[in-house]
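**Student:**
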Amino acid sequence: MEALNDLVRSGKVRYIGASSMYAWQFAKAQYIAEKNGWTKFISMQNHYNLVYREEEREMNPLCIDRGVGLIPCSPLARGFLTGNRSKADLYKENNETTSATKRAQTDAFGHQLYYADSDFEIVERLKTIAEKKQVKPAQLALAWILSKPGVCAPIIGASKMYQLEEAVAATSVKLSDDEIKSLEELYQPHRVLGHQ
């Protein structure tokens, strides 16, 4: 924390943020900074999306309470929430036709994170609501995360211009309380990943 404080004091960095840690680790870092009069973190880049919501247990409430902005990474779950993957695609042989993208077919880490039965159920619900609202599933997933307390700016990974345009358009999509409840009620807890 002292080294980060030195960067801010020297003018090389304006603000500091943290990423991917347990809430107790973040709280400890903030406490040490406060105790010593050092610069504290103003943002938390956490792994958070519609199919991985473990951050809602401790990190998100801590950040909201302490006025730390949330800038979730992977708000589309490595493309899983775009709705272009199906459970059936997982069981197809290499030469069979699949609707899944190349990334969906080869992303072993994404399979560990998001391919539970309940995750596919959430995507189906997402697609149904998106169709009714006449938006893309990805836009609806981004609208959901933007509706969550403390979220300032989800970090998206657009590789094509239309993806960026759709992400910007998602800021105009509004969800009713019933739609939010419908999207959230199928969630099943996941094991915590990515923290050291």
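At position 117 of the sequence shown (counting the first as 1) the number is 119 in the working numbering, and the numbers step up by one without a gap.
Using N, Cα and C, we set each Cβ at its ideal position, and we do this for glycine too.
The model shown is predicted, which means the values in this text are computed figures rather than measured ones.
#1: Excluding sequence positions up to five away, which residues of its chain have a Cβ less than 6 Å from the Cβ of Ala23?
#2: To which residues of the same chain is Tyr116 closer than 8 Å at the C-beta, ignoring the five residues directly before and after it?
#3: Closer than 8 Å is the cut-off here; do at least three beta carbon pairs connect the stretch 20-34 with the stretch 163-170?
#4: Considering only residues of the same chain and omitting the five flanking positions on each side of Arg127, which have a CB-CB separation below 7 Å?
#5: When you compare the CB positions of Ala20 and Met3, do they come within less than 8 Å of one another, or not?
#6: Spatial neighbours of Lys89 within its chain, please: CB distance less than 7 Å, with the 5 preceding and 5 following residues excluded, ordered by chain position.
#7: By Cβ distance, which residues of its chain are closer than 7 Å to Lys2, with the 5 residues on each side in sequence left out?
#8: With DSSP as the reference, identify every bridge partner of Gly19, one or two as the case may be.
**Tutor:** So, to answer that:
#1: Here residue 23 is Met; the residue named in the question, Ala, does not match the sequence. Hits under 6 Å: His197.
#2: Val53, Tyr54, Ala79, Arg80, Phe82
#3: The stretch 20-34, when compared against the stretch 163-170, does not touch it at the 8 Å Cβ threshold.
#4: Ser184, Leu185, Leu188
#5: no
#6: Phe122
#7: Not covered by the structure: residue 2. The range shown for the chain is 3 to 198.
#8: Ser45
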